[in-house]
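> Chains as they are written, first to last, in this note's numbering: chain A, 18 to 357; chain B, 18 to 357; chain C, 18 to 357; chain D, 18 to 357. Every residue gets a Cβ at the ideal spot worked out from N, C-alpha and C, and that includes glycine. All values reported here derive from a predicted model rather than from experimental measurement. One structure, as structure tokens, below. Some questions next.
There are 4 protein chains.
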Amino acid sequence: MIIILKNNPDKEQLEGLTSWLESQGISVHPTVGASQTVLGLVGDTRRIDVDLISALDFVDSVKRVQEPFKDANRKFHPEDTVIKVGNTQVGGGTMTVMAGPCSVESEEQLLTIARAVKASGATMLRGGAFKPRSSPYSFQGMKIEGIRLLLKAKEETGLPIVSEIMDASQLPLFDNVDVLQVGARNMQNFSLLKALGQTRKPILLKRGLCATYEEWLMSAEYILAGGNPNVILCERGIRTYETYTRNTLDIACVPVLRQLTHLPIVLDPSHAAGKASLIPDMACAAIAAGADGLEIEVHHDPAHARSDGPQALVPEVFDKLMRKLTYIKDAVDRADREIR
Amino acid sequence: MIIILKNNPDKEQLEGLTSWLESQGISVHPTVGASQTVLGLVGDTRRIDVDLISALDFVDSVKRVQEPFKDANRKFHPEDTVIKVGNTQVGGGTMTVMAGPCSVESEEQLLTIARAVKASGATMLRGGAFKPRSSPYSFQGMKIEGIRLLLKAKEETGLPIVSEIMDASQLPLFDNVDVLQVGARNMQNFSLLKALGQTRKPILLKRGLCATYEEWLMSAEYILAGGNPNVILCERGIRTYETYTRNTLDIACVPVLRQLTHLPIVLDPSHAAGKASLIPDMACAAIAAGADGLEIEVHHDPAHARSDGPQALVPEVFDKLMRKLTYIKDAVDRADREIR
Amino acid sequence: MIIILKNNPDKEQLEGLTSWLESQGISVHPTVGASQTVLGLVGDTRRIDVDLISALDFVDSVKRVQEPFKDANRKFHPEDTVIKVGNTQVGGGTMTVMAGPCSVESEEQLLTIARAVKASGATMLRGGAFKPRSSPYSFQGMKIEGIRLLLKAKEETGLPIVSEIMDASQLPLFDNVDVLQVGARNMQNFSLLKALGQTRKPILLKRGLCATYEEWLMSAEYILAGGNPNVILCERGIRTYETYTRNTLDIACVPVLRQLTHLPIVLDPSHAAGKASLIPDMACAAIAAGADGLEIEVHHDPAHARSDGPQALVPEVFDKLMRKLTYIKDAVDRADREIR
Amino acid sequence: MIIILKNNPDKEQLEGLTSWLESQGISVHPTVGASQTVLGLVGDTRRIDVDLISALDFVDSVKRVQEPFKDANRKFHPEDTVIKVGNTQVGGGTMTVMAGPCSVESEEQLLTIARAVKASGATMLRGGAFKPRSSPYSFQGMKIEGIRLLLKAKEETGLPIVSEIMDASQLPLFDNVDVLQVGARNMQNFSLLKALGQTRKPILLKRGLCATYEEWLMSAEYILAGGNPNVILCERGIRTYETYTRNTLDIACVPVLRQLTHLPIVLDPSHAAGKASLIPDMACAAIAAGADGLEIEVHHDPAHARSDGPQALVPEVFDKLMRKLTYIKDAVDRADREIR
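Put into structure tokens, the structure is as follows:
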């Protein structure tokens, strides 16, 4: 950590700060210039509060040199994390595809879609039972009944299931759900994150609509610090000024997160695009960039879907996309093997 | 609501849609042009799902003409809402000032600040007991003990108190808290909003970091639709590309919300600025724009504050600001009276 | 175009508007509802000024149904545009790679890099002679001498050259430059765009830092409307709140622009990332998404580059990337051929 | 400037960098920690290129401690700049109001508005002769004839005139224009900025749609460094995700720029709001925040304005606003005098 002081700091104040920092086990290295004095701090500065020091009236600014996340940090955990989910895994060179409807609507709907996505090669079934909707007047999901139908589809198809949890009080209902999704709007619902840290469930942590990489990783850190190592990061588009697409898919997150963290990375082009016709190209981009997988909305009858119809792929399009993704994944793997 | 169709829609599909809409009590008025057909929908379209219709393959796009919020809508509730809080009120021409520390840290700290802000004319005392922090390693607040100290300060000073609630399970602890604050990160924590809708407590609903006016009002609608009419909106800066300030205070929200809604509007320049030296001018701007009040962080010793020190005003600066605000409020009131 | 009127519009005003529109060759179809009247306009509304009508005091809002760009619009020009550049072409299934240094610095530097990128399979040489720099104190490019060196490199390697023009007065210097680049900061320098519309040079039009798709296509329209059909669109990242990368590469632009326009689309991951280590994965994503090509900065000695060193690939890394891109492009082409 | 090195930098490379920096007159102060080495640089680092050093492979990052702008920097020029314009001045405690139509449309239109705004107390007349429009099909201004009419209005009313210049080649036409406006889209048109630096004309430099404070001040620096000290900064709203208003007025710019620079600051609520009904409250906010003035669009017949009608105030509303602004300005001045 580096502390940049204002011009001509009071000597006594400076000594006070220095001795307080040293009492915290930090060694302090000043650089005195003609117009600026800088303190270099060496030691474990993770618990030093940047805000606290910034507020001192003789301090100009404070800059962190090290990332504030530790359990999620690749520096302290160089190996990729691989997460077992049922008979499959996320990370470690595999291509995870979580596919299914935005909302569970009926047994027939769910089973129709589950069978279709399984036939096309999806590795998990997604489906919303509790739906966070911006309007209180919109369909809020089938709730417990939705979970029951997901479990039925899991039993029939063998696909592990992914579903969104909105509140810690719902945890008992998710006992047999394989992956618990935390939605973008709850990425900083710290009460929920803490509760999930107490479980050992795989958590699919969506990036908040305007969360930075650091904030996102700090939310993962809440879960990891609680003792649950099974966090999968999911980029689903960020909010920008561009309104033609629902959100802007930040494809750079793949190489960025690979460097910063060991956690697996999945992309959700459906929410990012908001329009079915854009999704296949974006999904191909994600796999070519090296993502560990995708979350994709599929519906056999988008015109009658009860939520997010416009962004659902029909099974035929999903099937073709899966075949194209396989070609691209093979090309990437071959390149990574052969070109050194 | 207006439905814009693609070129040459299939006649049968179009009739299907029309008869379905009519069965929902909506009358349909088509405009057929050389290159475009448009359907004008007349009736209560609030429950018609835009997504559902957009997904039809012969539909180009759907545009709402009416706002999707009803209870929060000034059109259906033309009179300004005035909310009673203890011996004071929010809205109705008054200037509410909620002042106090970011976090409650000790009895001495809280009482020192409470006395100071009361002496300067603040109308409520704010203080955080449960603190949402982006890092799990940062100070998370004094929790129940913090609430206890706030109640003590209320007893001594007579100031109503404002404090943040993070989860519905904390509701019993807030029985004697006058105003329950919902933080920006929880603006779309719909479980929490629904629970608050079941109370009759005044709720200070902060705008999410990248929430649109409509999303913000829809979150207010969750509370109002539950039966609780006491919602105060609080702008605290939105996230933009500019990083010099912590957030960008959207001053236009004052006239915009005045037109869209009847709910009172308070601005929080402290979180928006993130730097104490910028706050007074921003507070003056808010009052001149016609806001119903301010939420301002005050700390007698910012350098030792346990959170957000850099954005806290010291009591002397707060006192001068209160005097300046009074001059400006008087000028605005006089202008609104005299100039017609 | 659709005009949504306020409640109970004055009959006379409405008739005035209707007859004025009809005098412009537009037919007007009103839909009268209980709470809203809507006018559907049919005809060539491209020259009707939205602002003008919005300002009428009985008008609530005006919505365009058709895009305001015509020459750039795929609806009126369904075939992909293919642009000949020297012995190569942009669009039409090829993979264009414009590679080279950010700035031309010396003959030796430029020739070293030009030979390297040619050997790796680049199809054009890029290099800046006139440099738009945010600081007046930064290196502003070698100017005319830079152009001379680019022409020399073109002569030796046979690669067509791409270089940025900053002002119409520089046009004579660019006589033998194959592709004229318009930088992001000049995307709405309409004086420059109009001048380029008078030439027949291929123009590489970069997206502005916060330009919407529509604004970008309207800037292309300025060039096309002047009579120059040779416009290549180049996405180089947009500005968002995320500061870890220099800009946010908007990968969705590829499928979006494919639908909206017939012009070729090139992506520049170098400026988007700002960090060399992120570029290869982003370049792979662009090709997998279906882009017509890439613009990539390459420097044999980034540490001594006079501008943008951190985002330049060294030739060895560029060479490996080109091989990987070929694998991915082959996979994409094969999928597009085989999967129907 | 501070250079943060990667772990275990090569000793020889480090010595190479150190001696090169010392040869540039910079003294280098290393801080060696267990996991990080930091170099503190002391001296005039304004010409050291951050990019160049960042690109060294043993460097992690580089952070500037001092602002890169010098002529615009309050640190080196503590007194407020006051700019004489005709018989009035900008800055120094006055309240400048530049009012008039978006576009000059006819002699009658311009004179009607000029007389009205003068009567209400405006200190300058604004009017566009050359109009930057996003569509090539929109009205592009009356050009030379527009300038002629502005000069006529100036002669009749005595009001100095403000008009936008789009290209250096237009400079001769602006000989008798008092203030030359640089539009938001041209804020980084460096060719134009350099040409304006060679004049001694007052320049009204609008902030780019997504320009940071630093970029904006660097653009001012281009003009100042050329020898022209007469730069007025004008905030006109930045682009954010919120689309209800045309742009988001960044009110915090007033206190921020007061600290960073000595140049006068004017706000343009018309472009920021895009809707006439929002403008008065935003104008009041600007003056309360301490701005040196306002630029406001006024039109006697907005429904027939040829550009930006929806954001023009009618003279009656402008007149009331001017009276309210006077009340607020008086209150602010009185507070600044009396409260210490």
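Going by CA-CA distance only, name the one from A:E231, A:A242 and A:G243 that's closest to C:T262.
The option with the nearest alpha carbon to C:T262 is A:E231.
> Would you identify the three-state DSSP class for A:Q408, choosing helix, strand or coil?
No answer is possible for residue 408 of chain A: it lies beyond the span of chain A, which begins at 18 and ends at 357.
> What does DSSP give as the partner residue(s) for D:M141 in the beta ladder?
D:M115, per the DSSP bridge assignment.
> Going by DSSP in three states, D:T343 sits in which element: helix, strand or coil?
Helix, per DSSP.
> Is the Cβ of C:T54 closer than 9 angstroms to any Cβ of chain A?
Closer than 9 angstroms: no.
> So, does the CB of D:G307 fall closer than 9 angstroms to a CB anywhere in chain B?
Yes, its Cβ sits closer than 9 angstroms to a Cβ of chain B.
> Name the one or two DSSP bridge partners that D:S44 has.
DSSP, once it has assigned bridges, lists D:V59 as partnering D:S44.
> Can you find a CB in chain C that lies within less than 9 angstroms of the CB of D:A146?
Not closer than 9 angstroms to any Cβ of chain C, the Cβ of D:A146 fails to qualify, so no.
> For C:L266, which three-state DSSP category applies?
Coil, per DSSP.
> So, is A:D347 buried or exposed, given that buried needs 16 or more other C-beta atoms within 10 angstroms?
With fewer than 16 other Cβ atoms within 10 Å, it is exposed.
> What residue does the alpha helix (DSSP H) around A:G214 start on, and which one ends it?
Element bounds for A:G214: F207 to G214.
> Have a look at B:L34, B:E238, B:P297 and B:N203 and flag the residue whose alpha-carbon is nearest the alpha-carbon of B:Q215.
When each option's Cα is compared against that of B:Q215, the closest is B:E238.
> Give the DSSP-derived three-state secondary structure of C:D353 in the structure shown.
Looking at C:D353 - three-state DSSP - the assignment turns out to be helix.
> Apart from the five residues just before and just after D:V273, which ones in its own chain have a Cβ nearer than 8 angstroms to its Cβ?
Correct list, in chain order: Y230.
> Check whether the Cβ of B:G326 lies closer than 9 angstroms to any Cβ atom in chain A.
So yes, B:G326 belongs to the interface.
> Using a C-beta cutoff of 9 angstroms, does B:K28 count as contacting chain C?
No, because no Cβ of chain C sits closer than 9 angstroms to the Cβ of B:K28.
> Check whether the Cβ of B:E314 lies closer than 9 angstroms to any Cβ atom in chain D.
So no, B:E314 is outside the interface.
> Using only alpha-carbon positions, find the residue among A:D192, A:Q157, A:K28 and A:V82 that is nearest to A:P219.
Taking only the C-alpha atoms, the option nearest A:P219 is A:D192.
> Grab me the residues of B:D285's own chain with a C-beta within less than 8 angstroms of its C-beta, minus the 5 sequence neighbours each way, in chain order.
Within the same chain, B:D285 has close Cβ partners K223, C251, E252, R253, G254, L311, E312 and I313.
> Confirm, please, whether the CB-CB distance from C:A201 to C:H288 is below 9 angstroms.
Cβ distance < 9 angstroms, so C:H288 and C:A201 count as in contact.
> Note down, one range per segment and in chain order, each alpha helix (DSSP H) of at least 4 residues found wholly within the segment 226 to 272 of chain B.
Counting only runs of 4 or more, we get 230 to 242.
> Do you know whose CA, among B:R150, B:P95, B:T174 and B:F156, lies nearest B:R132's CA?
Selected option, being the one with the closest Cα: B:T174.
> So for C:N90, helix, strand or coil by DSSP?
Three-state result, C:N90: strand.
> Would you mind sorting C:I356 into buried or exposed? The rule is 16 or more other CB atoms within 10 Å of its CB.
Looking at its Cβ environment, which holds fewer than 16 other Cβ atoms inside 10 Å, C:I356 is exposed.
> Provide the residue(s) that pair with D:I21 in DSSP beta bridges, ordered along the chain.
DSSP output for D:I21 lists D:V55 and D:S78 as bridge partner(s).
> Which bits of chain D does A:I21 rub up against, with CB to CB less than 7 angstroms?
Correct list: V82.
> With a threshold of 16 other CB atoms inside 10 Å of the CB of B:V196, please say whether the residue is buried or exposed.
B:V196 should be labelled buried.
> Can you list, in chain order, the residues of the segment 249 to 266 of chain A whose Cβ is nearer than 7 angstroms to any Cβ on chain D?
Of all residues in the segment 249 to 266 of chain A, R256, T257, Y258 and T260 have a Cβ within less than 7 angstroms of some Cβ in chain D.
> B:S137 and B:M299 look like a contact to me (Cβ under 8 angstroms); what is the Cβ gap, rounded to whole Å?
In fact, because the Cβ distance is near 18 angstroms, the residues do not count as touching under 8 angstroms.
> Would you tell me roughly how many angstroms separate the C-alpha atoms of A:D88 and B:L167, rounded to the nearest one?
Taking the straight line from one Cα to the other gives about 35 angstroms.
> Taking only runs that begin and end inside the segment 151 to 205 of chain C, name each unbroken alpha helix (DSSP H) of 4 or more residues, in chain order.
Here the runs fully enclosed are 161 to 174.
> Kindly indicate which three-state DSSP category C:G310 falls into: helix, strand or coil?
Correct three-state label for C:G310: strand.
> Using a Cβ-Cβ cut-off of less than 7 angstroms, list which residues of the segment 201 to 223 of chain D approach chain C; keep chain order.
Result list: R202, N203, Q205, N206, F207 and S208.
> By DSSP, does C:K223 sit in helix, in strand, or in coil?
If DSSP states are grouped into helix, strand and coil, C:K223 belongs with the strands.
> Just list the beta strand (DSSP E) runs in the segment 274 to 329 of chain D, keeping only unbroken ones of 3 residues or longer that don't cross its boundaries, in chain order.
Here the runs fully enclosed are 282 to 284 and 310 to 314.
> If you measure from the beta carbon of C:S294 to each beta carbon in chain A, is any gap under 9 angstroms?
It does: the Cβ of C:S294 has a partner Cβ on chain A nearer than 9 angstroms.
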